[in-house]
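In terms of the working numbering, the first sequence is residues 74 to 666. Ideal placement from N, C-alpha and C gives every residue a C-beta, glycine not left out. Here is the structure we will look at.
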Amino acid sequence: MEKLLDLISEEMKRAFEEAGYDRELGRVTLSNRPDLCEFQCNGAMAGAKKYHKAPLMIAQDVAEKLTDSDVFGEVSAVAPGFLNLKITETFIKSYLNEMARSEKFGLTTPVNPKKIIIDYGGPNVAKPLHVGHLRSGVIGESIKRICRYAGHEVIGDIHLGDWGLQMGLIITELQKRQPDLIYFDDSYEGEYPAEAPFTISELEEIYPTASAKSKADEAYKADAMDATYKLQSGVRGYRALWQHIIDVSVADLKKNYENLNVTFDLWKGESDVHDIIPGMVEEMKKGGYAYESDGALVVDVKEETDTKEVPPCMILKSDGASLYNTTDLATILDRMEQYHPDKLIYLTDKRQELYFVQVFRCARKTGLVKEDTELLHIGFGTMNGKDGKPFKTRDGGVMRLENLIREINEEMIRKIRENAETKGYEVDGEAAAETAKIVGLAAIKYGDLSNQASKDYIFDMDRFTSFEGDTGPYILYTIVRIKSILNKYIEQGKKLTDLVIGEPVNDSEKSLMLELAKYNAMMETACEEVAPHKICAYIYDLANAFNHFYHETKILTEEDEQKKESWIALLTLTRDVLEVCIDLLGFSAPDRM
RNA sequence: GUUCCCUUAGUUAAAUGGAUAUAACAGGAGCCUCCUAAGCCCCAGUUGUGGGUUCGAUUCCCGCAGGGAACACCA
74 MEKLLDLISE
84 EMKRAFEEAG
94 YDRELGRVTL
104 SNRPDLCEFQ
114 CNGAMAGAKK
124 YHKAPLMIAQ
134 DVAEKLTDSD
144 VFGEVSAVAP
154 GFLNLKITET
164 FIKSYLNEMA
174 RSEKFGLTTP
184 VNPKKIIIDY
194 GGPNVAKPLH
204 VGHLRSGVIG
214 ESIKRICRYA
224 GHEVIGDIHL
234 GDWGLQMGLI
244 ITELQKRQPD
254 LIYFDDSYEG
264 EYPAEAPFTI
274 SELEEIYPTA
284 SAKSKADEAY
294 KADAMDATYK
304 LQSGVRGYRA
314 LWQHIIDVSV
324 ADLKKNYENL
334 NVTFDLWKGE
344 SDVHDIIPGM
354 VEEMKKGGYA
364 YESDGALVVD
374 VKEETDTKEV
384 PPCMILKSDG
394 ASLYNTTDLA
404 TILDRMEQYH
414 PDKLIYLTDK
424 RQELYFVQVF
434 RCARKTGLVK
444 EDTELLHIGF
454 GTMNGKDGKP
464 FKTRDGGVMR
474 LENLIREINE
484 EMIRKIRENA
494 ETKGYEVDGE
504 AAAETAKIVG
514 LAAIKYGDLS
524 NQASKDYIFD
534 MDRFTSFEGD
544 TGPYILYTIV
554 RIKSILNKYI
564 EQGKKLTDLV
574 IGEPVNDSEK
584 SLMLELAKYN
594 AMMETACEEV
604 APHKICAYIY
614 DLANAFNHFY
624 HETKILTEED
634 EQKKESWIAL
644 LTLTRDVLEV
654 CIDLLGFSAP
664 DRM
């Protein structure tokens, strides 16, 4: 279905053409003076030079051709040459009814859908998720959903950090603590136990302990490196122990991501490409791309047009060991071979920008990716505390993600209880907790996603839990209001199906309709620019338009059945659009709050 | 040191080169016998600085000041 702006631009272009001007000048845009008009066209000013004519004269010529238009109800040419436009009630009504009937509200889906792999989350096993992981998960999940909704085939991969020295450290510390474990007996040839010899909380304590020890103690570090080597070279007991670490850790990660409503299609990690690294390195050498520099193996990636220094991309460290670059490149190779994607999207902290420039160039140069495969790194900003510095707990530590979520949820339960009390109804504990979880998640996600991803933003617990203004809970509250009306309507024995939206009867209703009609253009932009914050801005405007309409219109007590049905249809569409949008942002609305 | 990014109201954030820069919070005033007041409504307040391009600049270009980040054996 064509976008509203395209349809009305077409009408305007026709008028420009009929008046003897270039039709391309007839591009219509949203009004930035809503007090004067709904839409505007600035083509007359752009054409002034070409036709050596005052812009206002051109605008008047064009306006004359639109006097009996079905699309524009009001057209006025004003100084210096703006065309101020209002569209007819009939036109907007038909547009919305078509939208309501169409799949995805008439969003145009691509002729050639792409296969996209999106790499986000990126946690390390055996380490708890902390607030730093929040953005990658929240933004990545939203982008995944947006691309999928837009019609592409999307695969989300968590890309676990499960292979490096950290694993050797954990194994070493376990050996010190429990040297008699069967895993350390080289002569053992039987089956290893199915149960892990540790719990997730032990694991989370072991890693930092081991890490601290290795920094202070050379011998300890040597042991850890040896353990890493044994693991990577496939010693049975070490592999079995490693598998336990992965299993225990992944189970915990799944639980945590589930609480965030974040899901991955693939749970692959660095370890999955271990076996293909030697072959890849060999190819790079053979192709003449990789050479030795200061003992390390590198590939030059600087280009003549660079204004800045782009250091070579390191493939192997001087001790021959692989590093982040190596596994990332091997992962690209693996993904190309297994999935043949048209596009790879990476979500990380924006500080890794230069790093990804190096890796992408290296991948292209060495032929790991096809010419027409797009590589995109989306760097997001830091989540800061109120002081503008990276978010910390009160005592200066790194805050665990589950603690952050718990704090928000507790505050939310308090608010729900308080609200129930002032309104005088009972709320049982379980229902309150369930609602709190839903609303809390919306607060966190909307708070994050409503900012441009690339910018740092301030996570202000007080503001996020205050629930006033431009927040997730405000959006949810609006949806709950609509649902409540629709439910009451159904309770009257009526049905929501087959209702038709009529012409708007007042300004607030027309505003709501115009807001709904912007949906397609907004969604297209949000997809193209991979910009979830545009969806946030849109649903905030839409919710505002609805609340304004709601305030002025008594819907259920309306006696004119036709009017009432039209409003119910309009509300249904509003609810559906809002719910689709919040789903793309990765949260949902409760039935009441 | 080199390079990149950022600077919008008291605060946090928006704005394909278009008219009077948009909201939220905080501040001040109003609206619940009426579909959820987590709402609605009114008031007050902003583009760091100096140039340039343009009919028109928060937006594009150059300089300055202030803030942040990156710059091969971490990820």
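Scanning its chain for C-beta atoms nearer than 7 Å, with the 5 sequence neighbours on each side dropped, one finds around V442 the residues I405, M409, A436, L448, in chain order. Taking all protein chains shown into account, N197 has 16 or more neighbouring C-beta atoms within 10 Å of its C-beta and is therefore buried. Under a 10 Å Cβ-count criterion, R309 is classified as exposed, with fewer than 16 other Cβ atoms of the shown protein chains found around its own Cβ.
In the pairwise beta carbon analysis, the segment 132-145 is classified as touching the segment 78-89: at least three pairs are separated by under 8 Å. Contact between the segment 228-248 and the segment 178-193 is established, with three or more Cβ pairs separated by less than 8 Å. Less than 8 Å divides the Cβ of P663 from the Cβ of I511. The shortest C-alpha to C-alpha distance from Y547 to any of T439, R250, M118, A616 is the one to A616. Judged by their CB atoms, A590 and L169 are nearer to each other than the 8 Å cut-off. Note on the segment 229-310: whole alpha helix (DSSP H) runs with a minimum of 4 residues are 238-250, 273-289, 291-305, in chain order.
The segment 511-523 makes contact with the segment 474-484: 3 or more CB pairs, one atom from each, lie closer than 8 Å. Boundaries of the beta strand (DSSP E) around E147: 145-151. In this structure the segment 487-505 does not lie against the segment 356-363, because fewer than three pairs of beta carbons, one per stretch, are closer than 8 Å. Per DSSP, the unbroken beta strand (DSSP E) holding A363 starts and ends at 363-366. The straight-line gap separating the alpha-carbon atoms of K123 and C609 is approximately 40 Å. Under the three-state reduction of DSSP, A369 is assigned to strand.
Each residue's CA atom was taken as its position, placing H206 and G454 some 12 Å apart.
Under a 10 Å Cβ-count criterion, H606 is classified as buried, with 16 or more other Cβ atoms of the shown protein chains found around its own Cβ. About 20 Å separates the CB atoms of S104 and E97; that is not less than 8 Å, and the two are not in contact. Collapsing the DSSP output to three states places V471 in coil. DSSP, reduced to helix, strand and coil, places Y94 outside both helices and strands of the structure shown, so it counts as coil. Spanning the alpha carbons of N492 and L339 requires a straight line of approximately 41 Å. Assignment of alpha helix (DSSP H) within the segment 114-139, counting only whole runs of 4 or more residues, yields 116-124, 128-137 in chain order.
Between the C-alpha atoms of I273 and Y419 there is a straight-line separation of about 28 Å. A Cβ-Cβ contact shorter than 8 Å links F619 with L585. Only residues of its own chain outside the window of five on either side were considered, and among them Y362, V372, V374 have a CB closer than 7 Å to the CB of K438, listed in chain order. Around the beta carbon of Y261, fewer than 16 other beta carbons lie within 10 angstroms, which makes this residue exposed.
Beta-bridge pairing by DSSP links Y530 to M456.
Secondary-structure assignment with DSSP links L158 through a beta bridge to F112, V148.
Distance from the CA atom of K423 to the CA atom of L158, rounded to whole angstroms, is 42 Å. Proximity to G146 across Q305, M596, A132, E162 peaks at E162, based on C-alpha coordinates. Between R100 and A132, the alpha-carbon positions lie close to 13 Å from each other. Here S395 carries a strand assignment [DSSP, helix/strand/coil]. I558 sits away from L657, with the two beta carbons spaced by 8 Å or more. Counting other Cβ atoms within 10 Å of its Cβ, V346 reaches 16 or more and is therefore classed as buried. A Cβ-Cβ separation of about 7 Å places L202 in contact with R473 under the 8 Å criterion. With respect to the C-alpha of G116, the residue from A150, D143, S142, P107 having the closest C-alpha is A150.
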